[in-house]
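Using full-length UniProt numbering, read the sequence shown as starting at 1 and increasing by one per residue. Using N, Cα and C, we set each Cβ at its ideal position, and we do this for glycine too. In this text, all values refer to a predicted model and were calculated from it rather than measured experimentally. Worksheet: the structure to be examined is printed underneath.
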Amino acid sequence: MTPTPPVPRPDALPGAGAAAAAGAAVGTVSTGSTGDPHSDRYAARTAGMTASEIRALFAVASRPEVVSLAGGMPNLAALPLDSLAREVGGLIAAEGQSALQYGSAQGVPVLREQIGEVMAFEAGSTSATGGFAPDDVVVTVGSQSALDMLTRLFVDPGDVVLAESPSYVGALGSFAAYQAEVRHVAMDDDGLVPAALEEALQRLAAEGRRAKFLYTVPNFHNPVGVSLAAERRPEIVETCRRHGVLIVEDNPYGLLGFDGQTYPSLRSLDPDNVVYLGSFSKIFASGLRVGWALAPHGIKDKLVLAAESATLCPPAFTQLVVSRYLATHDWRSLVKSFREMYRERCDAMLGALEVHLPEGCRWTRPRGGFFVWATVPEGVDTRAMLPRAITARVAYASGTGFHADGSGARHMRLSFCYPPPERITEGVRRLAGVLEGELEVLRTFGLSGPGARPTAGPPGPQAPAVDTA
1 MTPTPPVPRP DALPGAGAAA AAGAAVGTVS TGSTGDPHSD RYAARTAGMT
51 ASEIRALFAV ASRPEVVSLA GGMPNLAALP LDSLAREVGG LIAAEGQSAL
101 QYGSAQGVPV LREQIGEVMA FEAGSTSATG GFAPDDVVVT VGSQSALDML
151 TRLFVDPGDV VLAESPSYVG ALGSFAAYQA EVRHVAMDDD GLVPAALEEA
201 LQRLAAEGRR AKFLYTVPNF HNPVGVSLAA ERRPEIVETC RRHGVLIVED
251 NPYGLLGFDG QTYPSLRSLD PDNVVYLGSF SKIFASGLRV GWALAPHGIK
301 DKLVLAAESA TLCPPAFTQL VVSRYLATHD WRSLVKSFRE MYRERCDAML
351 GALEVHLPEG CRWTRPRGGF FVWATVPEGV DTRAMLPRAI TARVAYASGT
401 GFHADGSGAR HMRLSFCYPP PERITEGVRR LAGVLEGELE VLRTFGLSGP
451 GARPTAGPPG PQAPAVDTA
């Protein structure tokens with residue numbers, strides 16, 4: 001392993017003082033403050049709402065001198081912006097009266113039909129999706145909106161939701177907002193562990209309780225990067241069916257396997273007990289905020305009612321932009337170019353981790369998606385270390401944000417989707433320097449080893465944010 005240069009002194013870096021000041025705020029951001037005259041008027045459910053950990057640092061982390069390995073922002077460099085600009089202009093000229101008007105709460109009919117084509121491309125055929133009917137699709141303002149509405153429909157305060165350990169930060173934020181009790185279920189390199197799911201459900205049954213649903217990201221998981229093994233999928237579906245537990249299958253990354261590999265959807269194994277969430281954010285443009293839910297008919301009807309009360313209707317204009325793109329561009333080839341771009345970036349990150357990270361670190365090796373999940377040596381607290389990393393001009397997402405109880409301090413999510421390969425390599429080199437500094441402190445003061453240093457207190461469930469999505 002090659003030596004890593006020491007971490008630069010804070011006073012040698014532009015904006016270091018701002019980084020340190022912002023870092024002091026990590027974990028202390030809440031929905032109110034003593035200066036808020038409305039603090040005694042908020043609903044009880046707002047007590048569980050906190051900002052994402054890195055949000056206090058985001059103004060500094062987004063500076064060009066900082067390599068951000070934190071955010072899950074897709075790289076849009078491959079988009080054909082000139083032709084898209086012409087399509088948008090043509091859309092307004094030809095359909096402006098309807099495109100800029102209110103629309104249906106369920107979504108534009110033509111786009112709901114095209115969503116079937118997107119799902120069939122991933123599955124290999126329409127039948128392999130578990131059957132597709134445009135009337136069972138609800139277009140949403142990103143899949144985050146669909147997840148929030150599903151939680152509102154199913155969860156009363158104190159109800160149990162099952163989620164992988166760790167789990168997507170935006171999901172945990174929604175669950176906290178509706179006062180759900182999250183029970184985490186273990187994962188390994190092959191995804192959700194069926195025996196752990198069975199154990200969690202049996203424990204709930206012994207308590208006289210039942211989970212409202214299982215939330216899972218089975219393909220190229222956020223934040224871990226692994227995928228649920230094909231042989232486990234029928235067992236997971238059967239276990240939930242037997243215990244009467246709905247499955248919410250969140251699949252924003254399914255088309256981004258580096259070698260083109262896709263997996264059978266959970267919905268294809270039990271269409272009547274799975275709500276499938278999809279998104280155009282990762283395969284087209286995240287800023288348009290267009291996602292969808294494909295749901296059993298009764299749930300679909302409730303989702304439409306929830307959409308009417310939340311947003312009245314998803315924007316017709318952005319839906320029609322997506323629809324025109326699907327109709328006039330070779331989007332399948334563009335997906336393939338995205339796969340290659342992200343594969344190159346992932347290779348750069350894995351190579352840099354191998355060269356630079358100190359001994360005792362380990363990490364996942366994703367075959368698609370955006371993320372690597374890294375584990376650091378005993379005694380290192382990635383949440384407490386984050387301000388020092390920002391001072392060293394590198395950012396990441398601490399593992400604590402991906403656990404409902406604030407655990408996970410020995411982990412971090414590293415995103416390779418946005419920076420170019422050379423910046424990823426440099427970011428990992430800087431991160432390694434920070435880690436070496438932490439380990440040197442532990443060695444100097446004899447703090448290494450199990451239980452040597454208490455981790456930071458639970459930050460609480462976090463609201464979704466673009467910097468941690």
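Are the CB atoms of residue i and residue j nearer to each other than 8 Å?
i	j	result
Pro419	Gly427	yes
Ile247	Leu214	yes
Leu350	Arg365	yes
Gly158	Glu181	yes
Val137	Trp292	yes
Glu265	Gly142	First, the amino acid is wrong: residue 265 is Ser here, not Glu. No, the Cβ-Cβ distance between Ser265 and Gly142 is not below 8 Å.
Gly408	Phe402	yes
Leu269	Arg242	no
Leu100	Phe317	yes
Thr382	His411	yes
residue 473	Arg393	The chain is shown only over 1 to 469; residue 473 falls outside these bounds and no answer can be derived.
Gly260	Arg367	no
Gly191	Leu228	yes
Ala327	His184	no
Glu249	Thr216	yes
Tyr178	Arg41	no
Arg112	Pro134	yes
Ala389	Leu431	yes
Leu201	Ala211	yes
Could you tell me which residues DSSP pairs with residue i in its beta bridges?
i	result
Thr400	Its beta-bridge partners do not exist; DSSP assigns none.
Glu249	Thr216, Tyr276
Val434	Its beta-bridge partners do not exist; DSSP assigns none.
Glu164	Val185
Ala295	Partner(s): none; Ala295 has no beta bridge.
Val335	Paired residue(s): none; Val335 is not in a bridge.
Val372	Leu414
Thr140	Gly291
Ala257	According to the sequence provided, residue 257 is Gly. The question's Ala does not apply to it. Gly257 is bridged to Gly368.
Arg362	Thr375
To the nearest angstrom, how far is the alpha carbon of residue i from that of residue j?
i	j	result
Ala146	His297	15 Å
Glu87	Glu235	45 Å
Ala285	Val322	9 Å
Leu305	Gln106	9 Å
residue 478	Pro387	Nothing can be reported for residue 478, as the shown portion of the chain is limited to 1 through 469.
Glu199	Phe175	22 Å
Tyr253	Met73	12 Å
Cys346	Phe370	8 Å
Ser68	Gly399	16 Å
Asn219	Pro37	45 Å
Ala85	Val376	45 Å
Leu357	Leu442	16 Å
Ser30	Asp156	The predicted model places Ser30 with a pLDDT of 43, which falls under 50 and marks its position as unreliable, so this point remains unresolved.
Val160	Asp82	48 Å
Val372	Met149	29 Å
Val274	Val245	9 Å
Pro64	Asp272	48 Å
Arg267	Ala78	31 Å
Val139	Met119	14 Å
Leu294	Lys300	7 Å
Tyr342	Leu435	26 Å
Leu204	Ser165	17 Å
With DSSP run on the structure shown, which of helix, strand or coil describes residue i?
i	result
Leu414	strand
Pro450	Only weak support is given to the placement of Pro450: the predicted model assigns it a pLDDT of 47, under 50, and the value that follows is read from those uncertain coordinates. Three-state DSSP puts Pro450 in coil, outside helix and strand.
Val88	helix
Ser68	strand
Arg393	coil
Phe284	helix
Gly27	Here the model assigns Gly27 a pLDDT of 42, short of 50, so the residue's position is not dependable and the matter cannot be decided.
Phe50	Residue 50 is actually Thr in this sequence, not Phe. Three-state DSSP puts Thr50 in a strand.
Thr126	coil
Arg112	helix
Val322	helix
Cβ of residue i within 7 Å of any heavy atom in the ligand MN?
i	result
Ala128	No copy of the ligand MN appears in this structure; indeed no ligand is present at all.
Output the residue ranges of the beta strand (DSSP E) runs that lie fully inside the region 175-199 and measure 3 residues or longer, sorted by chain position.
-> 181-188
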